[in-house]
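What follows is a single structure, written as structure tokens, with notes after it.
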Amino acid sequence: MILNNAISDTCMAMGEWVENPQAESALSNILPCVDQRTTNRTLYQSKQVVTNIASVVNRFIYSTADSNPTPGSMNYYNQSGPEMPPLCYPFDSQFKERQCTPQEVSSSNASLVWKKYECKISENGICSSVGRVTPEIYLELVGAVTETFALQHYTPILLSLQNCNFVRNTFKQITTTYCPPLNHYLKVINVGLGLISVGVLLCLILWILYANRPQQREEVFVINKLPLPQKLKKRFYNKCNNNNSTNSSVPLPNGANVV
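Residues in the sequence shown are numbered from 1 upward in steps of one, following the UniProt record's numbering.
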């Protein structure tokens with residue numbers, strides 16, 4: 001009964017919370033969920049950060065890496081060779097997802113593509129081979145792209161935990177997939193335990209009746225179980241004892257008894 005009540009109450013509480021997470025329920029005080037407006041605001045700001053990082057990276061690529069400045073200028077480090085592809089903007093002006101063009105690289109493979117445009121540097125810190133970025137600049141670009149990738153792919157997952165969408169989907173799957181068969185099996189177990197209880201009660205009643213049976217019935221039962229020679233011997237022995245007890249004393253006229 002304890003197990004049945006615990007599981008039934010748990011399934012019922014999860015079902016009520018899935019139907020209305022904002023209402024007062026048994027789980028609403030345990031799960032700290034934020035409202036959808038706060039979640040949307042956080043997602044919007046994360047998209048803004050991703051777009052700003054992509055803008056900074058592309059501004060450097062266009063103005064420095066892919067440019068051909070004259071020696072002695074501020075952005076000169078002897079960059080040469082094919083131009084680097086820019087980083088893809090994952091969102092448009094309305095912060096909706098967009099497809100990258102073939103001339104752009106996404107945040108997932110930018111580090112591999114840009115590795116081909118890395119040059120070797122001399123002691124003076126300028127490129128001594130064909131390339132558009134130095135190893136130090138390449139690492140900075142890869143770090144920025146890694147942050148962009150993390151914000152773009154992991155922010156929705158974290159927000160799903162923040163607004164309890166992940167928990168809601170999990171509870172919904174439990175209540176619809178696992179709770180009904182579990183309740184059925186609990187009912188079967190309860191029926192089995194009930195039958196066992198009735199069987200034990202009947203055994204106890206039969207044992208009480210057997211323990212309080214008359215002694216004479218037991219003797220008759222034992223005699224009936226004996227073989228025929230022993231039965232005759234038993235009856236003859238009982239008859240002799242009865243005759244001896246009857247003739248054991250004879251009354252006399254003067255009141256004395258003769259044994």
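For every residue, glycine included, the Cβ atom is placed at its ideal position computed from N, Cα and C.
Sequence-distant residues of its chain with Cβ nearer than 7 Å to residue i (five each side left out)
| i | result |
| --- | --- |
| residue 218 | Reliability fails at residue 218, whose pLDDT of 49 lies under 50, so the model's placement of it is uncertain and no value is given. |
Backbone CA spacing between residue i and residue j [nearest angstrom]
| i | j | result |
| --- | --- | --- |
| residue 158 | residue 128 | 44 Å |
| residue 65 | residue 99 | 24 Å |
| residue 40 | residue 102 | 31 Å |
| residue 117 | residue 156 | 32 Å |
| residue 104 | residue 75 | 23 Å |
| residue 15 | residue 170 | 11 Å |
| residue 90 | residue 108 | 11 Å |
| residue 62 | residue 123 | 26 Å |
| residue 181 | residue 84 | 59 Å |
| residue 209 | residue 203 | 10 Å |
| residue 140 | residue 60 | 11 Å |
| residue 106 | residue 58 | 12 Å |
| residue 4 | residue 199 | 22 Å |
| residue 190 | residue 164 | 35 Å |
| residue 213 | residue 185 | 42 Å |
| residue 196 | residue 183 | 20 Å |
| residue 120 | residue 134 | 7 Å |
| residue 113 | residue 137 | 14 Å |
| residue 115 | residue 86 | 13 Å |
| residue 46 | residue 154 | 10 Å |
| residue 211 | residue 205 | 10 Å |
Check whether residue i and residue j have beta carbons under 9 Å apart
| i | j | result |
| --- | --- | --- |
| residue 56 | residue 144 | yes |
| residue 38 | residue 152 | no |
| residue 6 | residue 27 | no |
| residue 33 | residue 54 | no |
| residue 110 | residue 130 | no |
| residue 80 | residue 132 | yes |
Which of helix, strand or coil DSSP assigns to residue i
| i | result |
| --- | --- |
| residue 126 | coil |
| residue 218 | Confidence in residue 218 is poor, its pLDDT being 49 and thus under 50, which makes the residue's placement too unreliable to answer from. |
| residue 141 | helix |
| residue 43 | helix |
| residue 27 | coil |
| residue 106 | coil |
| residue 80 | strand |
| residue 149 | helix |
| residue 199 | helix |
| residue 72 | coil |
| residue 91 | strand |
Closest by C-alpha distance to residue i, when choosing among the options
| i | options | result |
| --- | --- | --- |
| residue 174 | 97, 10 and 95 | 10 |
| residue 50 | 15, 110, 147 and 7 | 147 |
| residue 92 | 13, 194, 48 and 138 | 48 |
| residue 281 | 18, 44 and 19 | Past the boundaries of the shown model lies residue 281; the chain is included only from 1 to 259, so the question cannot be answered. |
| residue 95 | 134, 67 and 42 | 42 |
| residue 19 | 205, 206 and 176 | 176 |
| residue 31 | 1, 168, 86 and 82 | 168 |
| residue 2 | 187, 36 and 82 | 187 |
| residue 17 | 36, 192 and 172 | 172 |
Cβ neighbours of residue i in the same chain (closer than 6 Å, five flanking residues each side left out)
| i | result |
| --- | --- |
| residue 166 | 160 |
| residue 179 | 11 |
| residue 78 | 126 and 127 |
| residue 347 | Because the chain here runs from 1 to 259, residue 347 falls outside it and cannot be looked at. |
Closer than 8 Å: residue i CB and nearest the ligand GDP heavy atom
| i | result |
| --- | --- |
| residue 70 | The model depicted lacks the ligand GDP and carries no ligand whatsoever. |
Close-in-space but distant-in-sequence residues of the same chain around residue i (CB under 8 Å, 5 per side omitted)
| i | result |
| --- | --- |
| residue 70 | 76 |
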